[in-house]
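**Q**
2 protein chains.
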Amino acid sequence: MTSAGGQQASADSLPTTVTVDLGARSYDIQIGDGLLNGAGKLIAPFLGPDRRAIIISDDTVAPLYADALVHSLQAEGAAASVVRVPVGEDSKSFARLEQVLEELIHAGVERGTPLIALGGGVVGDLTGFTASTLLRGVPFIQVPTTLLAQVDSSVGGKTGINSRHGKNLIGAFYQPQIVIADTETLKTLSARHLRAGYAEVVKYGLIDDAGFFGWLEDNGAAVVAGDPEALQYTIATCCRAKARIVSVDEREHGKRALLNLGHTFAHAFEAEAGYGEALLHGEAVAIGMVLAFQLSAKLDLCATSDVERIQAHLIQTGLPTSAADLPDIRFDAPRLIEHMRHDKKVEDGWPKFILARGIGESFVAGDASAVVAEEVLRDFLRTG
Amino acid sequence: MTSAGGQQASADSLPTTVTVDLGARSYDIQIGDGLLNGAGKLIAPFLGPDRRAIIISDDTVAPLYADALVHSLQAEGAAASVVRVPVGEDSKSFARLEQVLEELIHAGVERGTPLIALGGGVVGDLTGFTASTLLRGVPFIQVPTTLLAQVDSSVGGKTGINSRHGKNLIGAFYQPQIVIADTETLKTLSARHLRAGYAEVVKYGLIDDAGFFGWLEDNGAAVVAGDPEALQYTIATCCRAKARIVSVDEREHGKRALLNLGHTFAHAFEAEAGYGEALLHGEAVAIGMVLAFQLSAKLDLCATSDVERIQAHLIQTGLPTSAADLPDIRFDAPRLIEHMRHDKKVEDGWPKFILARGIGESFVAGDASAVVAEEVLRDFLRTG
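Line by line, the protein sequences are chains A and B. Counting from 1, one number per residue, gives the positions in the first sequence under our numbering. Counting from 1, one number per residue, gives the positions in the second sequence under our numbering.
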C-alpha cells in the first residue's frame, strides 16, 4: 500500500481519531479494527443519570453485533436494550418512526438516555431522527457497520426518513455525540455492499482530493478486498474530508452541497429502481458521478479523459457506470427528469448540480446546466 | 393603569419590539394593535427565491384572519397559500404531521419557503415542528392569535406533537425568524380562552418578578377585559421575561425549567381531562401554580399567605384554583401521580418540581419533594 500526499496508513492497529469541529456540538469519530468490544467505555461518558442506553438495529445486524455492544455497555455498569427494525429502506418511514418513538416513550426513556444506531445508513438515519425528536432531543451515538455509513452517512448529522414523494425529504440536522467505526464489522458485509460503499469513497477523491483519487487507483482493490489497514486509512481520509466540509457548512447553505456530487442523478435512478437491492445507493452514486463528469465535459468544464479515468476506476472495482450494467432495470427519461426536478435541493424549479473542472475540482453550479443535464441523461439511457 | 418598576406602558399604539438574543438564531417579537395588515412587510425579509409562503391555520382562525395575512403578503409581491387543520389538540398528532408534511412536499415547498403559523398554541407547535423537519428545516414564522400563544408558546422555539403516552413528548427546539403578535386578534378570542392565557401571564410574575405580579393585581382586570394598552404592556413584559430565560438556556438544561412552574401538576390534570374544552391548558396551569406554591408552603419554603394571595388573584380574574371549581371532572389521585411520573422532565423516575421561596422567587428543585407532592395532590382532591 502506498501513501498519498505524505500521509501514511497506520502501521499498527491503533484506532484513528478524527474530530468534527462544530463548536459546542463537536465530536470524535473513532476508527479501528475490533472497536466494538470496547465500545461501552467510549459510550460511558454520554450516559445519563439512568445509566441506560437503547440500541436500535436491524434484523441483519442485531444478531451479529448487538450482544457484543450490550456486553461492552454492561461492563461499564450500564443497562442496554435493543429495538429491532426490519432491514431496508422501508424502515425510513413515518409509520416506523412513530412505532419506534412510541415504543421508546413507553419504555420510559429519559432526556439523558442515549440512542445508539448499530447498522448501516437506514438505521443511522432513522435512529438519528428519532433521537432528535424524542423529548425534543436525546443523546445520539453512531456505530456504523457498513462502509457507506462509516465513510459518509454516520458523519455530519444528516438524519431523516423518506416522504411518499422522495427520499430524505423529512428529517433534521442532528449531530451524534461520538461515531465508533469498527472496520471488523465490515467482514460480514457482502462484497456488493462493500463496493457500493466504495463509490462514496471515490466521491471524496473527486470532490477536492486528486491525490487521494490517485491513491485509490493504486489501492482500491485492497480496500474492496477488505484489507483492514487500507480500510482504516480510507475511512479516516473520508471522515477527515467530510469533517472539514461539515465544520464550515453544517446546514448545507454552500460548500456542503459538494457532498452531493452525483447524487441528483443518483436519487432519480434510485427512485425509479425502488430503493432496494435492484440498485444500491452507492451503485446509483457511481453512475451519478460519471454523469456529473459527463455533464461537466459536455459543458467544456473538464476533459473527456477525466470521465474515462473515473469510469475505468469504478469498473475496475466492480461498480456500474452505464445503463448496460443495469440490464434488469427499465429507466424512462421523462420520469427520471421529473424526479430530478423534485430533488430537495431545488430552488426555483431545478436542483443545483455539482460540476467539476477536473478530478478533485468540483464546485456547486447554478441551474443553467439543467437542459444539458437532460441531454446527458438521454445519452446515458440510449447506450443501455 | 399604573406602571411597575419604573416601566411605562406605551402611551400611544406604536408596536413594541422584544428581541430574543440567541446569537445567529436571534429574532424579534413585534407586539402591537393591528399589526396583521402590515405583516407582509415584516415577513418579506424571510421569503426565499420562490417568493412564496405557506400559512398553516385552523378552521376557527383561518376564516377570521387568513385573508388579511395573504393580502399583506401579496402586497409585497409574494404568493401565499393556506393549509387548514382541524381545531384542537388532536391536530398535534403524528397523523396530522404526516399529512401536512406530505401535502407541503407535494406542493413543491423549497428550502427557502417559510411556513407561517397563524393561530394558537396547537397551530404554532404543529407548524414549528413541521418547519423543523420539512427538508431538514425551512424558515418558520409565528403569528400567534391567542393570549397564551402571544405570551408564551410562540416564543422560545419549543415545537412538537403529542405521543399516545403524553403531551409534547415528540418535537424539536426550532426558533422562528420573527413573531408577530397582533393584540387586535385577541378581540375574537372567547373570554374563557383569554383568561386561560392570563394564567401564563401570572406565571411570569410568580417566577421572578414580584413587581409585575403586583401590577397584575392592580391591572389584571383590564387585561382580561381586553384593554389594548394593558395587553400590549403585559405581552411585552412576558415576552421580555421569556426571552431573558430562553437566551441563557435555550434547551432547558437549567433555568428554562422555571417556565414549567405549575406545569408538572397541570399536565397530569390535562391528561386526565383529555386535553380539550373540559379543562384548558391555562386553567390547568392556574391550578398547578397554586399546588406548586402549596407544595412550597408545605415544605416551609414560602408563607401560606403567598398561596392565599395567588389564589385570590386567580379567583378574581375568573380562573379555577380548587377541585370545587371543576365539578364536572372526576380526578383520581393514583392516576394523576402516574401521569406525573411520566412527565418528560423525568430524571431517575420523578420529575423536577419548580418550587418557590415566595412570589417572584421560584427555583428548580430536586426530586426530594415527590412524596410531599403526592400529599398536596391528595389534599387538593379531598377538597373537591
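Ideal placement from N, C-alpha and C gives every residue a C-beta, glycine not left out. All values reported here derive from a predicted model rather than from experimental measurement.
(1) In chain order, what residues of the stretch 128-159 of chain A put their CB closer than 9 Å to some CB of chain B?
(2) Based on the DSSP output, what are the partners of glycine 160 of chain A in its beta bridges?
(3) Return the chain-ordered ranges of every beta strand (DSSP E) run that is complete within the stretch 296-359 of chain B and spans a minimum of 3 residues.
(4) Thinking C-beta only, is aspartate 125 of chain A closer than 8 Å to threonine 146 of chain A?
(5) Between the alpha carbons of leucine 291 of chain A and phenylalanine 380 of chain A, how many angstroms are there, rounded?
(6) Within 8 Å of any Cβ in chain A, is that where the Cβ of glycine 220 of chain B sits?
(7) What does DSSP give as the partner residues of glutamine 294 of chain B in its beta bridges?
(8) DSSP three-state label for glycine 166 of chain A, please.
(9) Checking the sheet assignment: what are the DSSP bridge partners for threonine 16 of chain A?
(10) Please return the same chain residues whose Cβ sits closer than 7 Å to the Cβ of phenylalanine 173 of chain B, not counting the five positions on each side in sequence.
(11) Rounded to whole angstroms, what is the Cα-Cα separation between glycine 38 of chain B and leucine 115 of chain B?
(12) Is it buried or exposed for alanine 191 of chain A, if we count other Cβ within 10 angstroms and need 16 for buried?
(13) Whose C-beta lies closer than 6 Å to the C-beta of tyrosine 275 of chain B among residues of the same chain, with five residues either side of it excluded?
(14) Give the DSSP-derived three-state secondary structure of serine 26 of chain A in the structure shown.
(15) Quick check on the DSSP output: the alpha helix (DSSP H) that includes alanine 273 of chain B runs from which residue to which?
(16) Residues of chain A with a CB under 7 Å from the CB of phenylalanine 94 of chain B: which are they?
(17) On the three-state DSSP scale, how would you describe valine 285 of chain B?
(18) How about glycine 171 of chain A: is its C-beta nearer than 8 Å to some C-beta of chain B?
(19) Can you confirm whether arginine 164 of chain A, when its beta carbon is compared against all beta carbons of chain B, has any partner nearer than 8 Å?
(20) Can you give the beta carbon distance from isoleucine 56 of chain A to threonine 127 of chain A, rounded, assuming they're within the 8 Å contact cut?
(21) Going by the CB atoms, is the gap between glycine 171 of chain A and glutamine 161 of chain A shorter than 8 Å?
(22) Just checking alanine 66 of chain B against the ligand NAP - is the residue's beta carbon closer than 7 Å to any of the ligand's heavy atoms?
(23) By the three-class DSSP mapping on this structure, what secondary structure does glycine 45 of chain A have?
(24) Return the bridge partner residues of phenylalanine 363 of chain B from the DSSP annotation.
(25) Tell me whether the beta-carbon of valine 224 of chain A lies closer than 8 Å to the beta-carbon of threonine 317 of chain A.
(26) Within the continuous alpha helix (DSSP H) that includes aspartate 208 of chain A, where are the two ends?
(27) Apart from the five residues just before and just after glutamate 110 of chain B, which ones in its own chain have a Cβ nearer than 7 Å to its Cβ?
(28) Tell me whether aspartate 152 of chain B is buried or exposed, calling it buried when 16 or more other Cβ atoms sit within 10 Å of its Cβ.
(29) In terms of DSSP beta bridges, what is proline 144 of chain B paired with?
(30) Our contact map puts alanine 53 of chain A next to alanine 75 of chain A with C-beta atoms below 8 Å; I'd like the distance itself, whole angstroms only.
(31) When you compare the CB of isoleucine 56 of chain B with every CB in chain A, is at least one pair closer than 8 Å?
(32) Glutamine 175 of chain B and isoleucine 31 of chain B: beta carbons closer than 8 Å?
(33) For serine 305 of chain A, is the classification buried or exposed, using 16 other Cβ atoms within 10 angstroms of its Cβ as the cut-off for buried?
(34) Nearest chain B C-beta to leucine 42 of chain A closer than 8 Å, yes or no?
(35) Is there a C-beta anywhere in chain A that falls below 8 Å from the one on leucine 280 of chain B?
(36) Pull up the distance between the alpha-carbon of alanine 68 of chain B and that of serine 93 of chain B, whole angstroms please.
**A** Judging by the given coordinates:
(1) Within the stretch 128-159 of chain A, the residues whose Cβ lies closer than 9 Å to some Cβ of chain B are Phe129, Ser132, Thr133, Leu134, Leu135, Arg136, Gly137, Lys158, Thr159, listed in chain order.
(2) Glycine 160 of chain A pairs with A:Gly171.
(3) Counting whole runs of 3 or more residues, the stretch 296-359 of chain B contains the beta strand (DSSP E) stretches 354-356.
(4) Taking C-beta atoms as the reference points, threonine 146 of chain A and aspartate 125 of chain A fail to come closer than 8 Å.
(5) Distance between the alpha carbons of leucine 291 of chain A and phenylalanine 380 of chain A: 8 Å.
(6) For glycine 220 of chain B, no Cβ of chain A is located within less than 8 Å of the residue's own Cβ.
(7) According to DSSP, which records beta bridges pairwise, glutamine 294 of chain B is partnered with nothing at all.
(8) Correct three-state label for glycine 166 of chain A: strand.
(9) Note: threonine 16 of chain A sits in a beta bridge opposite A:Ile31.
(10) Short of 7 Å from the beta carbon of phenylalanine 173 of chain B, and not among the five residues preceding or following it, lie these beta carbons of its own chain, in chain order: Gly157, Lys158, Glu250, Arg251.
(11) Spanning the two alpha carbons is a distance of roughly 17 Å.
(12) Around the beta-carbon of alanine 191 of chain A, fewer than 16 other beta-carbon atoms lie within 10 Å, marking it exposed.
(13) The answer, listed in chain order, is Glu89.
(14) The answer is coil: DSSP assigns serine 26 of chain A none of H, G, I, E or B.
(15) For alanine 273 of chain B, the uninterrupted alpha helix (DSSP H) run begins and ends at 263-273, by DSSP.
(16) One finds Glu98 in chain A with Cβ atoms closer than 7 Å to the Cβ of phenylalanine 94 of chain B, taken in chain order.
(17) Valine 285 of chain B: helix per DSSP, three-state reduction.
(18) Interface residue (Cβ-Cβ distance to chain B less than 8 Å): glycine 171 of chain A is classified as such.
(19) Yes, because at least one Cβ of chain B sits closer than 8 Å to the Cβ of arginine 164 of chain A.
(20) That belief holds up - the Cβ atoms of isoleucine 56 of chain A and threonine 127 of chain A are roughly 4 Å apart, short of 8 Å.
(21) A quick correction: the sequence has isoleucine, not glutamine, at residue 161 of chain A. Cβ atoms of isoleucine 161 of chain A and glycine 171 of chain A: closer than 8 Å.
(22) Absence of the ligand NAP from the depicted structure is noted, as is the absence of any ligand whatsoever, leaving it without description.
(23) A quick correction: the sequence has proline, not glycine, at residue 45 of chain A. Three-state DSSP puts proline 45 of chain A in a helix.
(24) In the DSSP secondary-structure assignment, phenylalanine 363 of chain B is bridged to B:Leu355.
(25) Cβ atoms of valine 224 of chain A and threonine 317 of chain A: closer than 8 Å.
(26) Unbroken alpha helix (DSSP H) run through aspartate 208 of chain A: 191-208.
(27) For glutamate 110 of chain B, where only same-chain residues beyond five positions count, the Cβ hits under 7 Å are Gly48, Asp50.
(28) Counting the other CB atoms within 10 Å of its CB gives aspartate 152 of chain B a total of 16 or more, which places it among the buried residues.
(29) Here proline 144 of chain B is bridged, per DSSP, to B:Gly119.
(30) Between alanine 53 of chain A and alanine 75 of chain A, the beta carbon gap of about 13 Å keeps them out of contact (Cβ cut-off 8 Å).
(31) At a cut-off of 8 Å between beta-carbon atoms, isoleucine 56 of chain B makes no contact with chain A.
(32) Glutamine 175 of chain B is not a Cβ neighbour of isoleucine 31 of chain B, given a cutoff of 8 Å.
(33) It is exposed - the Cβ of serine 305 of chain A has fewer than 16 other Cβ atoms within 10 Å.
(34) Not an interface residue.
(35) Between leucine 280 of chain B and chain A, the shortest Cβ-Cβ separation is not below 8 Å.
(36) The alpha-carbon atoms of alanine 68 of chain B and serine 93 of chain B are separated by roughly 28 Å.
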